[in-house]
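Residue numbers for the first sequence follow numbering that gives the first Met the number 0, beginning at 0 and rising by one. One structure is given below, encoded as structure tokens.
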Amino acid sequence: MDFYQRAGIVCGAIPRGTVASYGQIALLCGKPKNARQVGYALNKGRLGEEVPAHRVVNSRGLLSGAAAFDTFDMQKNLLAGEGVEVLWTREGWQVDRKRYGWKHTMQDAEKFRALFEELGI
DNA sequence: GTGATGACATTGA
DNA sequence: ATCAATGCCATCA
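Right, dumping it as structure tokens:
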């Protein structure tokens, strides 16, 4: 499904040291309602090894916790390695989206849209 | 085809 | 702020 190709591209475009939400990815893929599919795609490794799946969190900045990584705290460690603060809260491992959230611009969205059209996906 | 599942999001109490 | 209820939609069984 082309949605997964798009998701792969968008995830790969998340800047180092920032995180993006599932909904944000879905939105940039042109499918605002496919947040769940983004998670599904990342889980099965459908997007390939080189895709930085650890930079994707939910709308509240919470890490998945799912063992899609080798160890449970792998995602946290990868983020910490990029300078992202990951805090242990009542909810779980969490990052401050105000500070580390990817603030994509309108131009970014347009760029992706154009790219997808060009690739026909 | 039908129904359950899920790394989600939003809304309303 | 917190929690429950809904909506969502591509996979799978």
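We put the beta carbon where it would ideally sit given N, CA and C, even for glycine.
Cα-Cα separation between residue i and residue j, rounded to whole angstroms
i, j, result
"Ala19", "Ile13", "7 Å"
"Glu49", "Asn33", "22 Å"
"Asn76", "Gly64", "12 Å"
"Val55", "Trp87", "17 Å"
"Asp69", "Pro51", "14 Å"
"Val94", "Leu114", "30 Å"
"Gly29", "Gly82", "30 Å"
"Ile8", "Gly80", "22 Å"
"Tyr99", "Glu117", "31 Å"
"Ile120", "Asn57", "25 Å"
"Lys43", "His53", "14 Å"
"Gly38", "Cys10", "11 Å"
Residue nearest to residue i in terms of C-alpha spacing, selected from the options
i, options, result
"Phe2", "Gly16, Pro31, Gly60", "Pro31"
"Glu128", "Gly7, Arg15, Ile8, Leu27", "Residue 128 lies beyond the stretch modelled for the chain, which goes from 0 to 120, so this question has no answer here."
"Arg35", "Gly22, Gly44, Cys10", "Gly22"
"Thr104", "Val56, Val83, Met73, Ile24", "Ile24"
"Lys97", "Arg89, Asp107, Val37, Val85", "Val85"
"Trp101", "Cys10, Thr17, Ala6", "Thr17"
"Arg59", "Arg89, Phe71, Arg112", "Arg89"
Rounded distance between the beta-carbons of residue j and residue i, thought under 8 Å
i, j, result
"Leu61", "Gly91", "6 Å"
"Ala40", "Ala6", "5 Å"
Boundaries (first-last residue) of the alpha helix (DSSP H) holding residue i
i, result
"Lys75", "73-80"
"Leu26", "21-27"
"Ala34", "34-42"
"Glu117", "105-118"
"Asp95", "Where Asp95 is concerned, there is no enclosing alpha helix (DSSP H), given that its DSSP letter is neither H nor E."
"Ala133", "Absent from the model: residue 133. The displayed extent of the chain is 0 to 120, so no value can be given."
Cβ-heavy atom distance, residue i to the ligand HEM, below 6 Å
i, result
"Asp95", "Ligands displayed in this structure: none; no statement on the ligand HEM is therefore possible."
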